[in-house]
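Enquirer: The listed protein sequences derive, respectively, from chains P and U.
Just add 2 to wherever you are in the first sequence, counting from 1, and you've got our numbering.
Just add 16 to wherever you are in the second sequence, counting from 1, and you've got our numbering.
First the structure, which I've put down as structure tokens, then a few questions once you've had a look.
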Amino acid sequence: MKWIGVALVAGSLLLPPLFAGDFYINLASQILIAAIFALSLNLLVGFGGMTSLGHASYLGVGAYISALLTSRYGFGHGAAALLSIVGTTAMAAFFGVIALRASGLGFLMITLALSQVLWGLAYRMSNVTNGDNGIAGLTRPAPFGISLDSPISFYWFALIVATFALVMMATFVSSAFGSSLKGVRDQPRRMAALGFNPWLIRWITFVYAGFWGGVAGLLYVYYHKYMHPTSLSTTSSAEALLGVIAGGSGTLGGPAVGAALVVLLKNYVSAYLERWNMLLGLVFLFIVLVTPTGIVPGVSRLTTRLRGGER
Amino acid sequence: MTMSRRQFVGSVAGAGITSLAAPHFLSAQPSEPIRIGLLAAKTGPLASGGIDMDLALTMFLRERENTLAGRKVELIVADTAGVPATARTKAQELVEKNNVHCIIGPLAAFEALAIADYLTEKEMPTLGVAAAEDMTQRHPSPWFVRLTSTSAQCAYPLADYAAKELKYKRIVTIADDFAYGHEMCAGFQRSFEDSGGKIIQKIFTPLATPDYGSYVAQVKTGDAIFLGTAGSNGFRFLRQFIEYGLKDKMAVIGGMTALDESVLRNMGDEALGILTTSWYSAELDNPLNKAFAPAFRKQFKYDPGYYAGSTYVSGEVLEVALKSIKANVEDKKALMAAIRGSNADTVRGVIKFDGSGNAIGNVYIRKVTKSDGRLVNSVIKTYPDVTQFWTYDKAAFLKNPVYSRDYPPAQNLEQ
Numbered sequence: 003m004k005w006i007g008v009a010l011v012a013g014s015l016l017l018p019p020l021f022a023g024d025f026y027i028n029l030a031s032q033i034l035i036a037a038i039f040a041l042s043l044n045l046l047v048g049f050g051g052m053t054s055l056g057h058a059s060y061l062g063v064g065a066y067i068s069a070l071l072t073s074r075y076g077f078g079h080g081a082a083a084l085l086s087i088v089g090t091t092a093m094a095a096f097f098g099v100i101a102l103r104a105s106g107l108g109f110l111m112i113t114l115a116l117s118q119v120l121w122g123l124a125y126r127m128s129n130v131t132n133g134d135n136g137i138a139g140l141t142r143p144a145p146f147g148i149s150l151d152s153p154i155s156f157y158w159f160a161l162i163v164a165t166f167a168l169v170m171m172a173t174f175v176s177s178a179f180g181s182s183l184k185g186v187r188d189q190p191r192r193m194a195a196l197g198f199n200p201w202l203i204r205w206i207t208f209v210y211a212g213f214w215g216g217v218a219g220l221l222y223v224y225y226h227k228y229m230h231p232t233s234l235s236t237t238s239s240a241e242a243l244l245g246v247i248a249g250g251s252g253t254l255g256g257p258a259v260g261a262a263l264v265v266l267l268k269n270y271v272s273a274y275l276e277r278w279n280m281l282l283g284l285v286f287l288f289i290v291l292v293t294p295t296g297i298v299p300g301v302s303r304l305t306t307r308l309r310g311g312e313r
Numbered sequence: 017m018t019m020s021r022r023q024f025v026g027s028v029a030g031a032g033i034t035s036l037a038a039p040h041f042l043s044a045q046p047s048e049p050i051r052i053g054l055l056a057a058k059t060g061p062l063a064s065g066g067i068d069m070d071l072a073l074t075m076f077l078r079e080r081e082n083t084l085a086g087r088k089v090e091l092i093v094a095d096t097a098g099v100p101a102t103a104r105t106k107a108q109e110l111v112e113k114n115n116v117h118c119i120i121g122p123l124a125a126f127e128a129l130a131i132a133d134y135l136t137e138k139e140m141p142t143l144g145v146a147a148a149e150d151m152t153q154r155h156p157s158p159w160f161v162r163l164t165s166t167s168a169q170c171a172y173p174l175a176d177y178a179a180k181e182l183k184y185k186r187i188v189t190i191a192d193d194f195a196y197g198h199e200m201c202a203g204f205q206r207s208f209e210d211s212g213g214k215i216i217q218k219i220f221t222p223l224a225t226p227d228y229g230s231y232v233a234q235v236k237t238g239d240a241i242f243l244g245t246a247g248s249n250g251f252r253f254l255r256q257f258i259e260y261g262l263k264d265k266m267a268v269i270g271g272m273t274a275l276d277e278s279v280l281r282n283m284g285d286e287a288l289g290i291l292t293t294s295w296y297s298a299e300l301d302n303p304l305n306k307a308f309a310p311a312f313r314k315q316f317k318y319d320p321g322y323y324a325g326s327t328y329v330s331g332e333v334l335e336v337a338l339k340s341i342k343a344n345v346e347d348k349k350a351l352m353a354a355i356r357g358s359n360a361d362t363v364r365g366v367i368k369f370d371g372s373g374n375a376i377g378n379v380y381i382r383k384v385t386k387s388d389g390r391l392v393n394s395v396i397k398t399y400p401d402v403t404q405f406w407t408y409d410k411a412a413f414l415k416n417p418v419y420s421r422d423y424p425p426a427q428n429l430e431q
């Protein structure tokens, strides 16, 4: 049974480029980028019990560093990508120290405040970020001489990165460290009594999540070839968080499904429906009422129940 | 799939007219319709402008029974939500999924800049509305024309008018802190100071400023204050400016969006007498506008302004171009050449395009007056055929950096 599911997922990821038009391939690439981003946030929200409302900081800063280095300072894409990942991770390390002084609502507010600071900077430091005009004229890299300019080649690139990201994050949470992270989420005092250092475990997770946020940011800026402060806004963070919660936080597939839902509602359904943001709200309301734990856990519970009924 | 599509052709109102004339179309239409994409922000903070763009273009097509140059037209409206990344996805949707033949819009400079490269790469004829200077100056695209004005294009004549006819010597400028505001104030400053005036203070406020009190308190006393604001900011600033009793001490003049018709309809008599500048006014006295503005007002209960005017003019220019190429939109190069050579007579007057695709047309100095119990921008002076370079030499103009917060430097600020 499990293999059928895997085959279905693999098929739906590998088949689109063969028949779909450019628009749908681009939509699929955007879903992959949003999925990496949501998965990285899920490390904090789902596995670490740390609800962050500022995760767009890592996506935005990763994207901005790459955009600035390549467009303004003449860096190659390789060096710019490396510096942008290192820079974003370093920032996550620093922000982690500040944000992890609190937990729960305090943590949420600190992450929100930090991301607002960055958003404000991106808007106001117009001599660096070009403010509200954004940075235009960016290019996509050509790894191993393969141009990513066509929608299909970019899709394959995004798919490879997304698969790698999923494997890496799955390994992370299923490792011994991942177990201690879940332990810290559920029973921080007991974990401390057992000799673990909850703060350090949380901090490492925070940095790791920031790292993958930066990777998503790189893909984001490669895809759009344009950078604007809205990418750092609370809306951007909140959309990812909605995706995580709707899909099912604390599961591996959930955030990807949730991210796909948000991207589709925002970019596809909006063509047919003027009040698409109202629909977005209604869909989330529906999800929260029907399957409070998210789509993926809800559906798997449903299938087990159905199979139980068949017996 | 196309059934549920928000297409103009499918709309109920359009269907009635179309069905009446259907036999005629069937015989005259050998090919599929011309598909026009409109990028407009219909949700989010820029929504009021975006909705006006949609209404005016829809009205334009309805007046022509969805037919331009003898060929049926299908309008596909995409909502950019005022977000650059969404604008890009929507542009891709129009180009790749809907296979449009040309695009009108979008409204905000950052949306236009986010999709400029893409549209050039796809060789998509675009009739732009956004004002960012460099799109028709240092980085023009062969596939882009602008039918409205650059940020500063309408500010030059007002500066000239303020210096020469109103004899103002010292002016304070205030504008939103983004490129549109920077560029407009820079152009105003350049023209005003070249005419012997002095800009004594430049204030830039964040786009979303909940309270202008602290900024109003900073304003130095000069002959006038120039408002370079967009959206409802001009209205909100002005209300506080008047509450502080400053309107009796200095005059107020404004750029092309400061007291737009869409802002004016929310204001009271305190706006009377304020001078603004624009390439359009609902009060313009030409036969085309005498038909358009009252019809728009009759249908939607308010005057058309910058945004409604922009897409209506786009429609007019497009119609002239389509007629000259016999509606053969499949030849994109010919379409673009026809648009650039259209010299169309529009509701804003005749417009031509310069070599970089920017409109050369009349700019009007307007005064807020009262007519039929509502506030209107009545035209008091026309500057004919204003170009984006004003009176300056084009080559020298383009050698300078693009206008910004700090360029040209303000020499006469008072501490």
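Just so you know, even glycine gets a beta-carbon here, dropped at the ideal spot from N, CA and C.
Note that the structure is a prediction, hence the values are computed from the model and not measured.
Just checking: is the beta-carbon of SER27/U within a distance shorter than 7 Å of some beta-carbon in chain P?
Expert: With a pLDDT of only 43 at SER27/U, under the threshold of 50, the placement of this residue in the model should not be trusted; the figure read from the coordinates follows. No, its Cβ sits nowhere closer than 7 Å to a Cβ of chain P.
Enquirer: Is DSSP giving ALA38/U helix, strand or coil here?
Expert: Note that ALA38/U scores 42 on pLDDT, short of 50, meaning its location in the model is unreliable; the coordinates nonetheless yield the value given after this. In the structure shown, ALA38/U sits in a helix (DSSP, three-state: H, G or I).
Enquirer: Could you tell me whether the region 161 to 179 of chain U touches the region 101 to 111 of chain U, using the rule of 3 or more Cβ pairs below 8 Å?
Expert: no
Enquirer: Can you check which of these residues, ALA22/P, SER233/P, LEU267/P and PRO200/P, is closest to LYS113/U by C-alpha distance?
Expert: ALA22/P
Enquirer: To the nearest angstrom, how far is the alpha carbon of ARG186/U from that of GLY238/U?
Expert: Rounded to the nearest angstrom, the two C-alpha atoms are 5 Å apart.
Enquirer: Would you mind reading off the limits of the beta strand (DSSP E) that contains GLY244/U?
Expert: 240 to 244
Enquirer: Within a Cβ cutoff of 7 Å, which residues of the same chain sit near GLY56/P, ignoring the five residues on either side of it in sequence?
Expert: THR113, LEU114, LEU116, SER117 and SER239
Enquirer: By how many angstroms is the C-alpha of GLY245/P removed from the C-alpha of GLU286/U?
Expert: 48 Å
Enquirer: Nearest-angstrom Cα distance between ILE190/U and THR237/P?
Expert: 29 Å
Enquirer: Interface residues of chain P around THR59/U at Cβ under 7 Å?
Expert: ASN279
Enquirer: Just the chain P side, please: which residues come within less than 9 Å of LYS113/U by C-beta, in chain order?
Expert: GLY23, ASP24, PHE25, TYR26 and ALA273
Enquirer: Taking only the alpha-carbon atoms, compute the straight-line gap between THR74/U and LEU243/U and give it to the nearest angstrom.
Expert: When rounded, the distance between both Cα atoms is 31 Å.
Enquirer: Does ASN302/U come out as helix, strand or coil in the three-state DSSP assignment?
Expert: coil
Enquirer: I'd like to confirm the pairing. Which residues does DSSP put opposite ALA375/U in its beta bridges?
Expert: PHE369/U
Enquirer: Name the chain P residues whose beta carbon is nearer than 7 Å to that of GLU109/U?
Expert: Within chain P, PHE25 and ALA273 have C-beta atoms less than 7 Å from the C-beta of GLU109/U, given in sequence order.
Enquirer: What is the DSSP secondary structure of VAL363/U, counted as helix, strand or coil?
Expert: coil
Enquirer: With DSSP run on the structure shown, which of helix, strand or coil describes MET272/U?
Expert: coil
Enquirer: Would you mind telling me which residues of chain U sit closer than 7 Å to HIS226/P, beta carbon to beta carbon, in chain order?
Expert: ALA101 and ARG104
Enquirer: Can you name the start and end residues of the alpha helix (DSSP H) that ALA324/U belongs to?
Expert: Per DSSP, ALA324/U belongs to the alpha helix (DSSP H) from 322 to 340.
Enquirer: What span of residues does the beta strand (DSSP E) with CYS118/U cover, start to end?
Expert: 118 to 120
Enquirer: For ASP95/U, which beta-bridge partners are listed by DSSP?
Expert: ALA56/U
Enquirer: Spell out a yes or no on whether the region 213 to 226 of chain P and the region 95 to 107 of chain P are touching, meaning 3 or more CB-CB pairs, one atom from each, closer than 8 Å.
Expert: no
Enquirer: With the cut-off set at 7 Å, would you say GLY121/U and ALA97/U are in Cβ contact?
Expert: no
Enquirer: Name the chain U residues that come within less than 7 Å of GLY136/P, Cβ to Cβ?
Expert: PRO100, PHE126, LEU129 and ALA130
Enquirer: State buried or exposed for PHE194/U, treating a residue as buried only when at least 16 other CB atoms are found within 10 Å of its CB.
Expert: buried
Enquirer: Where DSSP assigns a beta bridge to GLU90/U, which residues make up the other side?
Expert: ARG51/U
Enquirer: Please name the residue in LEU17/P, ASN44/P and LEU10/P whose C-alpha comes closest to that of ALA242/P.
Expert: ASN44/P
Enquirer: Between the region 54 to 83 of chain P and chain U, which residues of the former have CB atoms less than 9 Å from a CB of the latter, in chain order?
Expert: none
Enquirer: Pairs of beta-carbons, one from the region 302 to 313 of chain U and one from the region 335 to 343 of chain U, closer than 8 Å: are there three or more?
Expert: no
Enquirer: Would you verify that the beta carbon of ALA426/U is, or is not, closer than 7 Å to some beta carbon of chain P?
Expert: no
Enquirer: Here's a check: name, in chain order, each residue in its chain whose Cβ is nearer than 8 Å to the Cβ of MET93/P, leaving out the five neighbours to either side.
Expert: SER59, TYR60, VAL63 and GLY212
Enquirer: Against chain U, does THR232/P count as a neighbour if the rule is that its beta carbon must be under 7 Å from one of theirs?
Expert: yes
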